[in-house]
Amino acid sequence: MSLSTPADSHQIVIRDLVKSYGSHTVLNGMSLDVRQSEIACLIGPSGSGKSTLLRTINALASVDSGSIDVCGIRVTDPEPDLLKLRRQVGMIFQSYNLFPHLSVLDNITLAPLSVLKEERGPAEERARALLEKVKLTGKENAYPGQLSGGQQQRVAIARSLAMQPRVMMFDEVTAALDPETVKEVLTTIRDVAASGVTCLIVTHEMRFAREIADVVHFTNGGRIVESGPPAKIFTAPEDSRTRAFLERVL
Amino acid sequence: MNTQTISASRPAVAGAAFWWRLAGVLALLAVAAWTYTRYQQAIDLLIAWTPGLLASFVLNIVMGLVAIAVATLGGTALGIAQCSPHRRRATLARQVTLLLRNAPWLVAVFYLMYLVPYEVHVFGQYVFVSDWLKAAIGIGVPASGYMSEIVRGGIRSIPLQQWEAASALGLDRRQILRKVVLPQALRSMTPPWMSLYCIVTLSTSLANILGVEELMTSISLRLAGDPRPELLLPAHAYTFIVFFIYIYPISRLSRRLEKKWSLKE
Amino acid sequence: MSAALFPAGASIREWMVEHGLNLTILWDPVDGRRFVLGLLLTLALAGLSIVLSLVIGVAGAALKGSRLAPVQKALAAYVEVFRNTPLLAQMYFFFFGIGSLLPMVVNEHGEQVRLLGGFGWAVIVLGLHSGAFQIEALRASIDAVPRSTVEAAQALGLSRLQIFRQVVGPLALRNSLPALSNSIAQTIKATSVAFAIAVPELTYACNRIWSDSFNVPVMIQILLVTYLLLIGGVSVLMRAIERRLQLPGVLPA
């Protein structure tokens with residue numbers, strides 16, 4: 001667990017989150033701090049609450065108790081400014097969730113046009129630039145059904161980036177892809193991280209986490225058990241549970 | 251350290267739902283009381299007529315049973331034919347199914363009423379074919395189209411591996427259908443079949459248009475003999491109630507079975 | 516085909532009558548007019564009641580998402596009543612039962628008639644009857660839009676209205692087309708029940724024609740074939756619409 005430092009140097013401050021689905025407690029006193037421009041990876045066994053945590057940060061799921069502050073917005077308020085929150089925080093899902101009835105270009109420009117009220121011309125220009133960044137130039141008029149999984153995931157990343165968020169959350173985005181396409185998506189995430197956006201990445205790709213992360217957090221039983229720089233966590237974990245997990249997956 | 255509870259607001263008084271329910275029941279009782287006082291004579295009259303009316307409703311039920319029997323026999327044959335490996339047979343069965351499904355039920359009833367004679371020469375005897383029987387068959391025929399689709403869906407829901415395993419054991423197509431595929435498909439076919447029974451029984455009311463003395467005709471005849479305007483609304487509501495009481499439980503059972511069996515899979 | 520204009524026509528007509536094809540709708544102006552009027556009325560009945568049922572369906576499907584228990588119960592009651600009672604009984608109840616409560620007005624011929632006639636009630640009853648099925652079908656097509664797609668739209672900051680208009684709506688529409696096609700076919704078939712309240716639609720018209728001209732066998736075939744053509748035509752149209760709206764790269768259902 002990181003030290004309590006002044007709130008304004010941290011972009012995401014989460015304290016003592018508790019969330020249950022019926023009798024099953026998913027988050028059990030989860031606390032986490034993420035600095036600006038930091039790349040934080042969350043690793044841990046399935047069901048330890050990682051995905052749920054990301055959802056609560058973005059107000060896609062409610063919490064029973066605890067507090068979440070993101071970019072100065074208190075998400076756990078009774079009536080948070082959701083629009084403002086979701087403009088700052090982008091989320092990429094495991095199942096890409098592209099809009100099947102819109103072309104790639106329209107998928108990317110939908111939110112800028114509807115939410116940011118941009119003009120179509122500049123919005124489309126930015127969309128094309130983003131497509132270039134994710135190495136999908138030429139696919140503007142394709143439909144999601146015509147793209148591979150890896151391509152769809154990269155479009156999803158471009159779509160989120162179009163909102164120019166300050167925080168990007170990645171929820172096991174390569175879990176549903178073939179090994180060959182995993183690489184291209186990881187490269188894209190690396191580029192996003194390099195551009196200074198704060199990244200919160202839930203992943204099973206240990207090598208990737210080790211290479212890219214500033215901080216690695218190990219979750220178990222709905223809370224963070226151990227945190228530290230990747231070099232330390234992966235070579236000399238302190239907690240026995242962390243060790244057991246890493247032995248299984250590495 | 252701030253802790254805020256953002257749980258959904260619970261009602262301040264435990265049992266707010268109870269009060270709502272009580273209010274609903276009281277409202278219903280009030281409506282029932284008002285209806286009775288307003289239409290007292292009509293309701294008493296309807297209650298007096300009930301034995302005769304229910305006897306007429308029995309005809310509806312009998313017609314429904316005949317119709318579903320016709321539909322089941324014809325529809326099963328058609329449905330099996332639709333899945334036949336012989337292309338021409340399958341296509342023909344498909345065309346017939348579509349034709350039956352697109353025919354209005356009233357027209358089908360007319361068809362049978364007008365084109366089947368009053369007497370049929372069978373086995374050297376003249377057999378009198380009564381009106382209601384013709385109407386019931388008339389309803390059963392388009393219903394066969396629906397049954398055909400139900401059977402086709404049921405057969406196709408059985409995985410190919412079952413066919414292959416049975417084939418490997420030496421069974422021919424007919425045996426596979428009878429012993430392996432259809433028994434398994436029976437489960438998934440039952441809820442839609444019950445649903446079809448409901449539709450068919452509701453359609454028996456169409457026989458009223460052709461003068462068959464089922465429930466609605468019975469009511470109309472009695473109304474004709476006692477033309478009081480305040481009788482009209484309750485009398486026609488009576489038909490609603492009788493059919494509803496018979497059909498609704500079957501419909502609900504069918505839906506419950508469907509949910510239960512689809513969850514199991 | 517007036518015998519005076521086409522001498523050949525007269526002999527064709529004789530040949531047809533001899534062979535049991537007494538198609539009076541072709542050469543008898545009264546019968547012909549009845550038939551055409553019947554056909555037009557059937558189309559009008561079907562069209563208007565489908566529109567009404569869609570309005571009810573959309574409103575009901577939207578209301579079904581409500582969390583208020585009384586709303587859910589009221590919707591459930593409406594749907595169950597109209598689905599578990601005969602259409603004919605519904606027609607009689609509304610036309611004879613409720614219709615008798617309506618005031619009398621004087622129409623353009625100076626006659627005393629009820630405010631709403633057979634055609635009007637038929638549209639209302641067919642619309643209500645079909646609407647009960649539409650609510651279920653439309654709700655199912657909205658629910659069939661994957662939750663994850665909605666979440667993605669939420670994560671992008673779109674408002675609820677925007678999500679419905681730009682994401683859920685178009686996808687639900689595509690989901691609803693097969694059931695809608697079926698529903699239209701059912702409604703066209705159901706218009707024949709308006710016969711019972713003396714609406715001169717197609718079945719009623721053919722009934723009068725064959726009662727007057729004694730050509731039951733041929734007219735009944737015409738009646739059946741006309742309905743089949745109508746429904747077949749609608750099916751073809753709906754399938755064309757489905758194909759146009761199909762998403763590229765997605766296999767047809």
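Chains as they are written, first to last, in my numbering: chain R, 1 to 250; chain B, 251 to 515; chain C, 516 to 768.
Even glycine gets a Cβ: it sits at the ideal position worked out from N, Cα and C.
Any idea what DSSP makes of residue i, helix, strand or coil?
i, result
"B:V366", "coil"
"B:K510", "helix"
"R:I201", "strand"
"R:V63", "coil"
"R:A40", "strand"
"C:Q736", "helix"
"C:L631", "coil"
"C:H624", "coil"
"R:M91", "strand"
"R:D69", "strand"
"R:M163", "coil"
"B:H486", "helix"
"R:H24", "strand"
"R:H217", "strand"
"B:T255", "Because the pLDDT at B:T255 is just 41, under 50, the model does not fix this residue reliably, and the value given afterwards should be weighed accordingly. Residue state, collapsed to three classes: strand."
"B:R191", "The displayed coordinates of chain B run from 251 to 515. Any statement about residue 191 of chain B would go beyond what the structure contains."
"R:K232", "helix"
"R:K19", "strand"
"C:Q761", "coil"
Would you mind sorting residue i into buried or exposed? The rule is 16 or more other CB atoms within 10 Å of its CB.
i, result
"C:P661", "exposed"
"C:Q681", "buried"
"B:M276", "Contrary to the premise, residue 276 of chain B reads as Leu rather than Met in this sequence. It counts as exposed."
"R:T137", "exposed"
"B:T489", "buried"
"B:A358", "buried"
"B:R337", "exposed"
"B:A385", "buried"
"B:L309", "buried"
"R:F93", "buried"
"C:K704", "buried"
Might you give, ordered along the chain, the residues of its own chain that have their beta carbon closer than 7 Å to the beta carbon of residue i, omitting 5 neighbours on each side?
i, result
"R:A193", "I39, C199, I212"
"B:A331", "R339, A340, A343"
"R:A123", "T109, P112, L113"
"C:R549", "A720, R723, I724"
With a cut-off of 8 Å, does the C-beta of residue i fall near any C-beta of chain B?
i, result
"C:Y719", "no"
"C:T664", "no"
"C:E716", "no"
"C:T600", "yes"
Verify the CB distance criterion: does residue i have a CB-CB separation below 8 Å to chain R?
i, result
"C:Q736", "no"
"C:L673", "yes"
"C:P685", "yes"
"C:L695", "no"
"C:V638", "no"
Near residue i, which residues of its chain fall below 8 Å by C-beta distance, leaving aside the five closest residues on each side in sequence?
i, result
"C:A687", "L653, S656, I657, A659, V660"
"R:P165", "R87, Q88, V89, G90, V197"
"R:P6", "Residue confidence is low: R:P6 scores 44 on pLDDT, short of 50, so the model does not pin down where it sits. Its coordinate-derived value is still stated next. There are no such residues."
Is any heavy atom of the ligand MG found at a distance shorter than 7 Å from the C-beta of residue i?
i, result
"B:R338", "Ligands displayed in this structure: none; no statement on the ligand MG is therefore possible."
Looking at the C-beta of residue i, does it have a partner C-beta in chain C at a distance below 8 Å?
i, result
"R:C72", "Reading the sequence as shown, one finds Gly at residue 72 of chain R and not Cys. Not an interface residue."
"R:Y143", "yes"
"B:W443", "no"
"R:M168", "no"
"B:L483", "yes"
"R:P100", "yes"
"B:S504", "no"
"B:M397", "no"
"R:A111", "yes"
Going along the chain, which residues of its own chain have a beta-carbon closer than 6 Å to the beta-carbon of residue i, five neighbours each way excluded?
i, result
"B:G404", "A435, S438, M439"
"C:F634", "V714"
"B:S445", "S504"
"C:L494", "As shown, chain C starts at 516 and ends at 768. That puts residue 494 of chain C outside it, with no answer to give."
Quiz item: Between the segment 309 to 324 of chain B and the segment 380 to 398 of chain B, do three or more beta carbon pairs fall short of 8 Å?
Solution: yes
Self-check item: the segment 28 to 42 of chain R / the segment 208 to 227 of chain R touching (three or more Cβ pairs under 8 Å)
Solution: yes
Quiz item: Okay, do the segment 492 to 506 of chain B and the segment 424 to 433 of chain B touch, 3+ Cβ pairs below 8 Å being the bar?
Solution: no
Exercise. Evaluate contact between the segment 454 to 465 of chain B and the segment 410 to 419 of chain B, counting only Cβ atoms and requiring at least three cross-stretch pairs below 8 Å.
Key: no
Quiz prompt | Sufficient close CB pairs (3 or more, under 8 Å) joining the segment 628 to 642 of chain C to the segment 553 to 564 of chain C | solution = yes
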